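In the working numbering, the protein residues as written are -4 to 1223.
Written out as structure tokens, the structure is:
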């Protein structure tokens, strides 16, 4: 009931709700479980992260007692982070599980929460790792600093005993100079160690910031100990030097000055020797010339110093022994000889440099010219040939390659000159320049050979491409011209025969066949052009599509037109032959009728026989009339294929034959009437009636018999002719009977007798029988005519159907030896167009069946079976053809589809290769302006290489399509497909080899840039080291020996800067080589980043050179001023020495002694004032320089002042003593 149904429905609904609620509850429990697990993991990670963060904050903010302990704590923290990282991974897994069941907002919230903790965890790990690395590095640096400080203290402890022992003993004067020189070496070592200590102090300060409290205290203690050791040793060295200076005499001062002069000359010699090798670049040689001239000028200026030493030596030799004179003189001669030799060397060096700079300039011009030509040739020949370019661009490329080949002999001679001059230059170069030039000289021939080989190869390729295009265009033009001539020739041929003769048609058909053979002979050229076209398409070259379309269209149009015309002429020939045959038959029949008529007319035969023969001739005329009618109809059918004049002439002939037939009809009719009249006069009426009744009865019996023909048109036509003759005979017989009856009736009427009844009955019977016979004849004629029409139509339709089947069979046999895959679409269209006429064939087949059915009453049984067998054969053949047609249609459709897919895929890969080849041809030069550009170019090109390599799969897929097509294709199609695939594979292989070669070149370019950047980095590091080693010593605080060492350091430093400038010059040449293939102007080349970087390094070097030269001037000025002060002090010391000697050996006379002492006292006062003034001036000078008086100078001034005070006091005491003595004498 409805209530039960509703209750049932609500129950089911209730159960569904319960089930859904249970499912939702289960899902909510699962969601709650996942959420709980996720939050547990989140809380665990948060707790771990909070603990680790607190521990990290404690380690990062608090000062550690020990760095090692702090490092161990950091490592423990890092290990703990790694150990607890599993919690973070669990959080990620739980997040993944949870997010799958959340909405978009909650999912983003969960990701944000977990991502925040994950980011904090990773950030904490990174901070701990960085802190561990910093602590490890700090401890390593601390151990290095400690080791160096310990080594410094050990060295100081080793030196202290020997110096302390030497201080206890004063050296003899003759050994003071030797001891002083040895001690100066030690002083230099102490100063070097002081510099090392300063560096270590800086390193310790830098390391100290990252050390713990224990390490800082330990490092501070070691630094303090090292400072104390070095300071104590420095004090000992200073005291030792002070003692040695005191022991020096004027002679030792002279030898010291001579030694300094010899050292200075050796410095000049060192500068000359440093530039012993001649630079490669003319500008560097110019610098060498300027430097050499500067050295020469300095030597000439130094001549005054040599002259001063000669003067000082002569003064020394006045009051010395012969041995000492000899020593001084030998020293002076040695000094002078050394000076003269160095001056001569400098002059000779200057002459050599000035001589070589000319050859260097010419050599550089030739080298630059050769390199520039190589650069231009490389720019021209390096890009890959793009066969997709038009002829104008190819001719332009060909001209460039030809220009390279024409210029090669000239530049080859230039290369030989450069190599010869370079080999002559090599021995005079330093190692760096020699290495550069040897590399250049060895690379140039390789570059020349590579460029010329590349130019020849590309010249041949471009020439071959141009020649192929010319041949292709020329073949198109020649073939088109030949086809046009054939078209003109075809237009000049007669379209229709001039007569109705078959031989005329045969002649015209031969003309068309000759033209067709010419077109077919041009088919090989068209096929060759198609092959060339496909080859051009496969390689991306212009293939003249419009010209080829015009050519192919013209070729196929002409071939189709001529073939159609030949087929049409064959049909016309058959029609003409048939027409001729019919006309011949008609003429033969007419001539035969005429001859027989003449024979019958001339023969003397009974009238009855003649009548029969005339009836036979009348029947033949009737047959000829039918034949003439057929000729007229046939002529009407040919009217469209005939010239009007030919048609008019043929029509006139037909009319003539018609007139002839009329004439013959009339003549034979007259003869028949004549024979009938003769018979009427000669035969008996009763006998004739009796005979006629029997004869007509016999004819009636024959005519009433059913037709049983063999369905042959000739038999039917003959039967029709027989029936017509019978009709004529019957009609003639009736006329004769009628005339005889009239004559018999007239005879009774003349006798005025009644016509006998039996006569009337016979005439009535004869009349009835005549009517029946006429009707039978008429019926038989109609049946025969109908049968003839049916048979004629049957033969026409069956022949048409059979022809269609034969054509279909020929069309189906087309695919027996494989399909023409290239023309598969056209073949498919032809197939479809042909079999679209199958409906017409079926209509014809149906009509044949109906015609056979219509012929059944009139034909023989055996013939009927033959016809039925023929129809069944047609039907069977039709079914077979239909099955084969469907198979071949599917095959053609499949082949056309596969061919279309193959063409599309092939065109796709060709387009891809065209695009890739275009990109490869755009790869114009390998050189780049920077390493970044080279790497970017390499990365970009690698993607292009991978793209080209990926074509292998596409081509393999295309080859699979081609193999499928080859299975269904004929031999020509297989060959064509194989050629097209071979072309594609060859092009891909060529593109891949080109891409790989360009990739190799780019990798070499990147490698060259890496090498160059290494050299740049090395040069930068060298400049940094030079900058760190810039002379920074304070000349105001240095001693004289330190100033001399500093001056020597300046000279060596300037030489190093000059060497570095030379290296930068070669580096600049190297950069020119890297940039030589970039098509930029020289002015813009100088603006390139690497050139600017090299220029910046050169400017930096020049700036350091200027600073060093400026500093050197300051040192020289300081030395000069120090030497002037020392001269004054030495004069004072000499005066003090003389004064002491006088005080020891005074004059005997008291008055003279007192005057001398008074004079000495005044001189001492003057000298004291001079020393005080000198000290004040020096103090003011150094105060102006924001420093104090150098200790050495201060000590010398103090010693001089103290000595003056002592001698002043001694002189005053002597003056007082002399005055007292004088007073006593006077009193006495």
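Where a beta carbon is used, it is the ideal one built from N, C-alpha and C, also for glycine.
The model shown is predicted, which means the values in this text are computed figures rather than measured ones.
Would you decide whether residue i is buried or exposed? Buried here means 16 or more other CB atoms lie within 10 Å of its CB.
{"i": "residue 473", "result": "exposed"}
{"i": "residue 358", "result": "buried"}
{"i": "residue 984", "result": "exposed"}
{"i": "residue 103", "result": "exposed"}
{"i": "residue 618", "result": "buried"}
{"i": "residue 1219", "result": "exposed"}
{"i": "residue 64", "result": "exposed"}
{"i": "residue 370", "result": "buried"}
{"i": "residue 899", "result": "exposed"}
{"i": "residue 789", "result": "buried"}
How big is the Cα-Cα spacing for residue i and residue j?
{"i": "residue 557", "j": "residue 809", "result": "21 Å"}
{"i": "residue 739", "j": "residue 723", "result": "24 Å"}
{"i": "residue 616", "j": "residue 585", "result": "8 Å"}
{"i": "residue 341", "j": "residue 1011", "result": "34 Å"}
{"i": "residue 612", "j": "residue 873", "result": "47 Å"}
{"i": "residue 479", "j": "residue 516", "result": "14 Å"}
{"i": "residue 883", "j": "residue 657", "result": "59 Å"}
{"i": "residue 862", "j": "residue 795", "result": "16 Å"}
{"i": "residue 970", "j": "residue 982", "result": "18 Å"}
{"i": "residue 168", "j": "residue 132", "result": "Legend: pLDDT at residue 168 = 47, less than 50; position of this residue unreliable, no value from coordinates given."}
{"i": "residue 1224", "j": "residue 1055", "result": "This structure cannot settle anything about residue 1224, because the visible part of the chain is limited to -4 through 1223."}
{"i": "residue 483", "j": "residue 540", "result": "24 Å"}
{"i": "residue 1197", "j": "residue 1205", "result": "12 Å"}
{"i": "residue 573", "j": "residue 579", "result": "10 Å"}
{"i": "residue 868", "j": "residue 547", "result": "42 Å"}
{"i": "residue 469", "j": "residue 582", "result": "60 Å"}
{"i": "residue 1237", "j": "residue 649", "result": "The displayed coordinates of the chain run from -4 to 1223. Any statement about residue 1237 would go beyond what the structure contains."}
{"i": "residue 428", "j": "residue 437", "result": "14 Å"}
In three-state DSSP terms, what is residue i?
{"i": "residue 704", "result": "strand"}
{"i": "residue 692", "result": "helix"}
{"i": "residue 1184", "result": "coil"}
{"i": "residue 1074", "result": "Residue placement at residue 1074 is poorly supported in this model, since its pLDDT is 49, which falls under 50; the coordinates still yield a value, given next. The answer is coil: DSSP assigns residue 1074 none of H, G, I, E or B."}
{"i": "residue 964", "result": "strand"}
{"i": "residue 231", "result": "helix"}
{"i": "residue 267", "result": "helix"}
{"i": "residue 5", "result": "helix"}
{"i": "residue 814", "result": "strand"}
{"i": "residue 854", "result": "strand"}
{"i": "residue 308", "result": "helix"}
{"i": "residue 61", "result": "coil"}
{"i": "residue 1196", "result": "helix"}
So residue i and residue j are in contact, right, with Cβ under 8 Å, and what is the actual spacing, rounded?
{"i": "residue 1038", "j": "residue 1114", "result": "5 Å"}
{"i": "residue 858", "j": "residue 696", "result": "Wrong, their Cβ atoms sit about 24 Å apart, outside the cutoff."}
{"i": "residue 228", "j": "residue 185", "result": "6 Å"}
{"i": "residue 420", "j": "residue 373", "result": "Between residue 373 and residue 420 the Cβ distance is about 25 Å, and since that is not below 8 Å, they are no contact."}
Tell me which residues share the same chain as residue i and place their Cβ nearer than 7 Å to its Cβ, disregarding the 5 neighbours each side in the sequence.
{"i": "residue 866", "result": "843, 844, 847"}
{"i": "residue 5", "result": "none"}
{"i": "residue 729", "result": "765"}
{"i": "residue 771", "result": "695, 698, 699"}
What does a CB cutoff of less than 8 Å around residue i pick up in its chain, not counting 5 residues either side in sequence?
{"i": "residue 1235", "result": "The structure shown does not extend to residue 1235, since the chain is modelled only from -4 through 1223, so no value can be given for it."}
{"i": "residue 937", "result": "994"}
{"i": "residue 1223", "result": "Any reading at residue 1223 must be qualified, since the residue scores a pLDDT of 49, below 50, and its modelled position is unreliable; the value itself is stated next. Answer for residue 1223: no residue qualifies."}
For the ligand COA, I want to know if residue i counts as a neighbour, meaning its beta carbon is within less than 7 Å of at least one of the ligand's heavy atoms.
{"i": "residue 287", "result": "Because no ligand of any kind appears in the structure shown, any question about the ligand COA cannot be addressed here."}
CB-CB under 6 Å to residue i, same chain, minus the five flanking residues each way: which ones, in chain order?
{"i": "residue 254", "result": "none"}
{"i": "residue 773", "result": "none"}
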